[in-house]
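J.:
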Amino acid sequence: MTTFLTFTILGLVLGSVYAIAASGLVLTYNTSGIFNFAHGAQAMLGTFLYWQLSVGWGLPVWLSLLLVVGVFGPLMGLLLHKLIMGALRDTAEVAKIVVTVAVMLGMVYLSQWIWDPVEPRTLTMFFGSDASVEIAGVVVRLHEILCLAVALAIALGLRMLFHRTRVGVVMRGTVDSPDLLRLNGHDPARVAAISWALGSALAVLAGILITPVSGGSLEANALTLLVIDAFAAAMFGRLRNIPPAFVGAMVLGLLGAYVTAYFPSDWTWTGNFRVSLPMILLFIVIVVLPQDRLRGAATRTRERYRVPSVRAAATWGLVLLGIVFLYSLLLADSGITTLGLGMAFAIIALSLTLLTGYAGEMNLAPMSFAAIATVIVFHFGITGSGLDASLNLPGIALAVVATAVVGGLVALPALRLRGLYLALATLAFGALLSNMVLRDTVEHTLAGFTFTLFPDGTLIIPKPRFGPVDLGDPLTFLLVATALFALIALGLAVLRNSGYGRRLAAMKDSPAATAMLGQNLVKLKLSVFMLSAAIAGLGGILMSSAMGSVEGESFGLMASLALVMLVVVGGIGYISGALFGGVMSGIGFTLLVGTFNDLAISQPQAATFFELLGNVVMVGTALVGMGVGKNPSGSVQGIMDGYRSLREARPVLIGGAALVAVLYALALAGLYGSWTFTLLALVVVMALPAVGQKLMPHAVAPVEGHGHSDEIRDDEPFTDTLRDRLDLALGLPARVPGVRAAAPQKGEEVNAPA
Numbered sequence: 140m141t142t143f144l145t146f147t148i149l150g151l152v153l154g155s156v157y158a159i160a161a162s163g164l165v166l167t168y169n170t171s172g173i174f175n176f177a178h179g180a181q182a183m184l185g186t187f188l189y190w191q192l193s194v195g196w197g198l199p200v201w202l203s204l205l206l207v208v209g210v211f212g213p214l215m216g217l218l219l220h221k222l223i224m225g226a227l228r229d230t231a232e233v234a235k236i237v238v239t240v241a242v243m244l245g246m247v248y249l250s251q252w253i254w255d256p257v258e259p260r261t262l263t264m265f266f267g268s269d270a271s272v273e274i275a276g277v278v279v280r281l282h283e284i285l286c287l288a289v290a291l292a293i294a295l296g297l298r299m300l301f302h303r304t305r306v307g308v309v310m311r312g313t314v315d316s317p318d319l320l321r322l323n324g325h326d327p328a329r330v331a332a333i334s335w336a337l338g339s340a341l342a343v344l345a346g347i348l349i350t351p352v353s354g355g356s357l358e359a360n361a362l363t364l365l366v367i368d369a370f371a372a373a374m375f376g377r378l379r380n381i382p383p384a385f386v387g388a389m390v391l392g393l394l395g396a397y398v399t400a401y402f403p404s405d406w407t408w409t410g411n412f413r414v415s416l417p418m419i420l421l422f423i424v425i426v427v428l429p430q431d432r433l434r435g436a437a438t439r440t441r442e443r444y445r446v447p448s449v450r451a452a453a454t455w456g457l458v459l460l461g462i463v464f465l466y467s468l469l470l471a472d473s474g475i476t477t478l479g480l481g482m483a484f485a486i487i488a489l490s491l492t493l494l495t496g497y498a499g500e501m502n503l504a505p506m507s508f509a510a511i512a513t514v515i516v517f518h519f520g521i522t523g524s525g526l527d528a529s530l531n532l533p534g535i536a537l538a539v540v541a542t543a544v545v546g547g548l549v550a551l552p553a554l555r556l557r558g559l560y561l562a563l564a565t566l567a568f569g570a571l572l573s574n575m576v577l578r579d580t581v582e583h584t585l586a587g588f589t590f591t592l593f594p595d596g597t598l599i600i601p602k603p604r605f606g607p608v609d610l611g612d613p614l615t616f617l618l619v620a621t622a623l624f625a626l627i628a629l630g631l632a633v634l635r636n637s638g639y640g641r642r643l644a645a646m647k648d649s650p651a652a653t654a655m656l657g658q659n660l661v662k663l664k665l666s667v668f669m670l671s672a673a674i675a676g677l678g679g680i681l682m683s684s685a686m687g688s689v690e691g692e693s694f695g696l697m698a699s700l701a702l703v704m705l706v707v708v709g710g711i712g713y714i715s716g717a718l719f720g721g722v723m724s725g726i727g728f729t730l731l732v733g734t735f736n737d738l739a740i741s742q743p744q745a746a747t748f749f750e751l752l753g754n755v756v757m758v759g760t761a762l763v764g765m766g767v768g769k770n771p772s773g774s775v776q777g778i779m780d781g782y783r784s785l786r787e788a789r790p791v792l793i794g795g796a797a798l799v800a801v802l803y804a805l806a807l808a809g810l811y812g813s814w815t816f817t818l819l820a821l822v823v824v825m826a827l828p829a830v831g832q833k834l835m836p837h838a839v840a841p842v843e844g845h846g847h848s849d850e851i852r853d854d855e856p857f858t859d860t861l862r863d864r865l866d867l868a869l870g871l872p873a874r875v876p877g878v879r880a881a882a883p884q885k886g887e888e889v890n891a892p893a
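Going by my numbering, the sequence shown opens with residue 140, and the numbers climb by one from there.
1. Report the CB separation of Ile600 from Ser684 in whole angstroms; it is logged as a contact under 8 Å.
2. Does the distance between the C-beta of Met224 and the nearest non-hydrogen atom of the ligand MN fall short of 8 Å?
3. Does the stretch 411–420 come into contact with the stretch 366–376, if we say contact requires no fewer than three beta-carbon pairs (one atom in each stretch) closer than 8 Å?
4. Within 10 angstroms of its Cβ, does Thr186 collect 16 or more other Cβ (buried), or is it exposed?
5. Using the three-state DSSP reduction, which class does Asp609 fall into: helix, strand or coil?
6. So, under 8 Å CB-CB, Ala553 and Val426 are touching, yes? Tell me the CB distance rounded to an integer number of Å.
7. Within the same chain, show all residues whose beta-carbon is closer than 6 Å to that of Val722, passing over the 5 residues directly before and after it, in chain order.
8. Please report how far the alpha carbon of Met928 lies from the alpha carbon of Ile236, in whole angstroms.
9. Just to confirm the assignment, what range does the beta strand (DSSP E) spanning His837 have?
10. Would the stretch 670–687 and the stretch 505–514 be scored as touching if the rule is three or more Cβ pairs under 8 Å?
11. Could you tell me whether the stretch 143–152 touches the stretch 275–282, using the rule of 3 or more Cβ pairs below 8 Å?
12. With a 10 Å radius around its C-beta and 16 neighbouring C-beta atoms as the bar for buried, classify His220 as buried or exposed.
13. Got a sec? Which residues, its chain only, sit under 8 Å from Glu358 by beta carbon, not counting five neighbours each side?
14. For Lys662, is the classification buried or exposed, using 16 other Cβ atoms within 10 angstroms of its Cβ as the cut-off for buried?
15. For the alpha helix (DSSP H) containing Ile284, name the first residue and the last one.
16. Taking the alpha carbon of Gln251 as the reference point, which residue from Asn360, Leu218, Ala826 has its own alpha carbon closest?
17. What's the C-alpha gap between Asp579 and Gly395?
18. Quick one: what does DSSP say Glu582 is sitting in, helix, strand or coil?
19. Could you tell me if Pro828 is buried or exposed, where buried requires 16 or more neighbouring beta carbons within 10 angstroms of its beta carbon?
20. Can you give the Cα-Cα distance for Leu202 and Trp190, rounded to whole angstroms?
21. So, does the stretch 383–391 touch the stretch 507–525, judging by three or more C-beta pairs under 8 Å?
22. For the beta strand (DSSP E) that Ser271 lies in, which residues bound it at each end?
23. Go to Glu258, then tell me how far its alpha helix (DSSP H) extends in each direction, as first and last residue.
24. How would you label Pro790, buried or exposed, when you count the other beta carbons within 10 angstroms and need 16 or more for buried?
25. Please look up how many angstroms separate the CB atoms of Ser339 and Gly212, rounded, as I've assumed it's under 8 Å.
26. Determine whether the beta carbon atoms of Met243 and Val343 lie at a separation below 9 Å.
27. Check the C-beta distance from Leu460 over to Ala622 and give it rounded, since I have them as a contact under 8 Å.
28. Tell me the DSSP secondary structure of Ile599 in three-state form.
29. Within a Cβ cutoff of 7 Å, which residues of the same chain sit near Leu614, ignoring the five residues on either side of it in sequence?
30. Looking at the secondary structure, which residues open and close the alpha helix (DSSP H) in which Glu787 lies?
31. What residues in its chain sit with their C-beta under 6 Å from that of Ala902, if we drop five residues either side in the sequence?
32. Need the endpoints of the beta strand (DSSP E) that Thr591 sits in, please.
33. Just to confirm the assignment, what range does the alpha helix (DSSP H) spanning Glu358 have?
34. For Arg604, write down the residues that DSSP places opposite it in a beta bridge.
35. Hey, could you find the ends of the alpha helix (DSSP H) Val200 is sitting in?
36. From this set, Phe694, Pro447, Arg298, Thr513, which residue's C-alpha is nearest Ser162's C-alpha?
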């Protein structure tokens with residue numbers, strides 16, 4: 140009985156902290172419609188600041204709490220809403236998710252910059268760990284009682300706020316009808332800002348309270364993910380109701396405590412299961428709870444994607460292969476290997492282009508499917524041993540097919556999910572895989588076979604070999620990976636222009652209308668999930684082979700979220716966006732940081748400056764993601780639009796190409812290195828549209844989004860310019876400026892163009 144009471148109290152304490160965090164999530168989502176994936180990072184950053192004030196600088200605990208929870212937390216929420224979240228109006232769900240993911244990553248990088256992860260930091264309980272009372276024979280510490288009391292006070296306070304105060308009624312009105320709220324003289328944006336301030340303060344408070352209970356040590360990623368466990372509690376109330384969220388939090392805390400208490404100690408997977416429990420509950424709750432009905436009309440968003448033609452995809456694939464080959468001539472073997480790794484990541488990113496860009500289905504765990512294929516190919520696809528080991532084609536095919544099947548199995552229970560719910564379901568799957576499979580380093584016996592899923596926490600993956608083609612050569616691996624990327628991209632272009640692709644686009648715009656037209660949404664979703672998982676699996680095998688050895692963290696949740704963020708930054712509806720996001724996620728920022736670290740070692744007199752630049756690059760990764768709200772179609776699209784405006788300014792294009800060719804020849808001759816050439820070529824590429832506008836303004840067409848667009852929106856004012864564009868789109872004769880068309884006389888027939 141003592142054991143039961145002890146772990147019941149522990150579960151209630153953990154549940155109370157989850158409840159505090161979950162209430163902040165519900166607040167922000169209710170008033171802004173944005174699910175804050177950075178909630179855990181806000182808690183982490185506030186907790187680190189509290190440690191700095193109370194332990195690092197020795198301020199009184201009460202003053203540190205007041206400054207962090209009462210000032211820093213609300214101010215952080217206000218700034219996030221004012222500077223970032225306000226720009227997400229009329230954007231797709233994926234853009235809203237990615238921006239908050241970028242905020243989360245930026246806060247993690249910032250904390251690691253300010254507080255060295257190598258240095259240990261701990262927080263002790265309020266009143267001390269020895270301050271306790273005895274209840275029914277169970278010792279309960281005062282800090283734990285404080286957690287319960289604070290959670291109860293917040294629950295009652297929020298109840299009164301929503302039902303007894305004018306501000307609370309306005310908050311609820313913001314959710315139901317913001318337009319009607321404006322007509323009554325209220326500002327929904329101001330109400331949302333207040334909610335973000337309050338939600339941020341609750342996140343910080345939860346982080347400070349839970350850290351001493353969970354162990355007391357501060358680590359950025361661990362603390363961020365710990366508060367993310369509150370997502371499951373928030374989903375109990377479908378992100379709308381706080382009382383069910385509090386109930387869910389208590390259930391979550393109690394189940395975790397009882398697993399620790401009563402699962403047999405000889406079950407080697409108990410610890411991993413305990414860590415995975417919040418994500419298991421999150422997945423179950425999302426699947427079981429009733430979902431929103433299918434939308435009957437397409438949702439207007441600011442994303443605009445051009446459908447690639449098959450010819451253009453084939454042409455650009457050949458161009459990419461040529462550029463990669465020419466660039467490889469400037470690189471050493473290590474650089475070629477690194478670039479091959481980037482192309483493998485780009486293949487994984489193509490799975491997001493198909494699934495999210497074309498079909499509108501969310502996946503926040505693409506690296507999890509890469510991990511599944513890697514584990515399978517490790518066990519069934521390696522021929523030989525030692526230096527003679529290689530991956531064989533049947534093993535790779537088996538891994539890809541098996542990954543596609545797993546993708547279908549994951550999609551089956553989530554077939555009726557869309558948007559945020561589907562994103563959270565895939566997030567839960569990714570966390571479950573990371574905790575249960577990638578941490579499984581013990582032996583198992585099944586049907587007489589003894590095996591280990593992830594032996595020693597590391598998998599050694601050799602290079603593939605197909606007859607005379609040995610991908611052990613870095614250049615061969617790079618060219619094969621690039622060719623595979625180009626072929627898959629061409630296949631996606633063919634698919635997008637086919638009837639199947641048009642059905643995917645229709646499902647993305649309006650599932651209800653697609654179903655009414657007789658399309659089978661179940662088959663569409665299941666098939667696109669399986670295709671996407673297969674592509675991610677193939678890319679994962681190449682990625683693991685390029686790295687040589689992989690650990691569980693190589694496929695962790697943070698890696699998946701960073702990849703999704705960078706693909707959306709590039710343009711998730713474009714193949715070029717997948718190329719940008721994959722290369723940048725795989726090697727881009729890591730290579731830049733490594734370069735600055737090497738410079739710091741080689742030039743100790745400027746070490747501080749180079750270390751600063753390395754940290755700025757990491758934080759800058761997140762800053763790029765935060766800008767998605769201003770350009771939801773992707774940065775690559777903006778660059779391509781700039782070059783489309785130069786179609787008639789051919790001397791500028793020829794001059795730019797000639798300049799890049801000269802820079803390449805000089806680099807090939809050894810006058811400077813590949814890094815210098817890369818930077819100079821990027822400067823030329825980025826500056827050419829502006830140069831063309833300056834030198835040949837008469838030949839430069841308006842850039843899409845700045846006065847011209849192939850798409851005519853129904854909210855544009857009817858002007859002469861719009862009339863000309865309509866005439867052009869309909870094939871009508873051009874209007875003569877200054878001459879009004881004569882109105883048809885009574886009885887005169889108006890002939891439409893043939």
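Note that the Cβ used here is the ideal one computed from N, Cα and C, for glycine as well. None of these values were measured; they are calculated from a predicted model.
T.: Reading off the structure:
1. Looking up residue 600 in the sequence shown gives position 461. Looking up residue 684 in the sequence shown gives position 545. The beta carbons of Ile600 and Ser684 sit about 5 Å from each other, so the pair counts as a contact at 8 Å.
2. Ligands are entirely absent from the displayed structure, and the ligand MN is therefore not among its contents.
3. yes
4. Along the sequence shown, one-based indexing puts residue 186 at 47. Looking at its Cβ environment, which holds 16 or more other Cβ atoms inside 10 Å, Thr186 is buried.
5. Within the sequence shown, numbered from 1, the residue matching residue 609 stands at position 470. Of the three classes helix, strand and coil, the one that applies to Asp609 here is strand, per DSSP.
6. Numbered from its first residue, the sequence shown carries residue 553 at position 414. Numbered from its first residue, the sequence shown carries residue 426 at position 287. The pair is a contact, with the Cβ atoms about 6 Å apart (cut-off 8 Å).
7. By one-based count along the sequence shown, residue 722 stands at place 583. Excluding sequence neighbours, Val722 sits near Gly481, Ala485.
8. There is no way to answer for residue 928, as the model of the chain reaches only from 140 to 893.
9. For the purposes of this step, residue 837 is taken as residue 698 along the sequence shown, with counting starting at 1. Neither: His837 is in no beta strand (DSSP E) and is coded neither H nor E.
10. Counting Cβ pairs under 8 Å, three or more are found: they touch.
11. yes
12. Within the sequence shown, the letter at position 81 stands for residue 220. Buried, because 16 or more other Cβ atoms sit within 10 Å of the Cβ of His220.
13. As a first step, residue 358 must be located in the sequence shown, where it is residue number 219. Pro256, listed in sequence order.
14. Within the sequence shown, the letter at position 523 stands for residue 662. The residue in question, Lys662, is exposed, as its Cβ has fewer than 16 Cβ neighbours within 10 Å.
15. Residue numbering aside, residue 284 sits at position 145 when the sequence shown is read from its first letter. Where Ile284 is concerned, the enclosing alpha helix (DSSP H) stretches over 281–303.
16. By one-based count along the sequence shown, residue 251 stands at place 112. Of Asn360, Leu218, Ala826, the smallest CA-CA separation from Gln251 is found for Asn360.
17. What you label residue 579 is simply residue 440 of the sequence shown in a count that begins at 1. What you label residue 395 is simply residue 256 of the sequence shown in a count that begins at 1. Their Cα atoms are separated by approximately 19 Å.
18. In the sequence shown, the residue the question calls residue 582 occupies position 443. Coil, per DSSP.
19. By 1-based counting over the sequence shown, the position of residue 828 is 689. When all chains shown are included, Pro828 counts as buried.
20. Translated into positions along the sequence shown, residue 202 becomes position 63. Translated into positions along the sequence shown, residue 190 becomes position 51. Rounded to the nearest whole angstrom, the CA to CA distance from Leu202 to Trp190 is 12 Å.
21. Segments in contact, no.
22. Position 132 of the sequence shown holds residue 271. Taken as a continuous stretch (DSSP letters only), the beta strand (DSSP E) holding Ser271 covers 271–274.
23. Against the sequence shown, residue 258 aligns to sequence position 119. No alpha helix (DSSP H) holds Glu258; DSSP gives it neither H nor E.
24. Sequence index remark: in the sequence shown, residue 790 carries index 651 (1-based). Pro790 comes out exposed.
25. By 1-based counting over the sequence shown, the position of residue 339 is 200. By 1-based counting over the sequence shown, the position of residue 212 is 73. Indeed they touch by this definition, with Cβ atoms about 5 Å apart.
26. Position 104 of the sequence shown, counting from 1, holds the residue named residue 243. Position 204 of the sequence shown, counting from 1, holds the residue named residue 343. Against a cut-off of 9 Å, the Cβ pair of Val343 and Met243 comes out as no contact.
27. Here residue 460 refers to the residue found at position 321 when the sequence shown is read from its first residue. Here residue 622 refers to the residue found at position 483 when the sequence shown is read from its first residue. Yes, Leu460 and Ala622 are in contact; Cβ-Cβ is about 6 Å, under 8 Å.
28. Against the sequence shown, residue 599 aligns to sequence position 460. In this structure, Ile599 counts as strand in the three-state DSSP scheme.
29. Counting from one through the sequence shown, the residue named residue 614 turns up at place 475. The answer, listed in chain order, is Ser467, Ile475.
30. Position 648 of the sequence shown, counted from the first residue, corresponds to residue 787. Counting along the chain, Glu787 falls outside any alpha helix (DSSP H), and DSSP gives it neither H nor E.
31. Here the chain covers residues 140 to 893 and nothing more, so residue 902 does not appear.
32. Within the sequence shown, numbered from 1, the residue matching residue 591 stands at position 452. No beta strand (DSSP E) contains Thr591, which DSSP labels as neither H nor E.
33. Locating residue 358 in the sequence shown gives position 219, where the first residue counts as 1. From DSSP, Glu358 is part of no alpha helix (DSSP H); its letter is neither H nor E.
34. Reading the sequence shown from its first residue, position 465 is the one you call residue 604. Paired residue(s): Asp609.
35. Residue numbering aside, residue 200 sits at position 61 when the sequence shown is read from its first letter. That run of the alpha helix (DSSP H) goes 200–204.
36. Translated into positions along the sequence shown, residue 162 becomes position 23. For the residues Phe694, Pro447, Arg298, Thr513, the minimum Cα distance to Ser162 belongs to Arg298.
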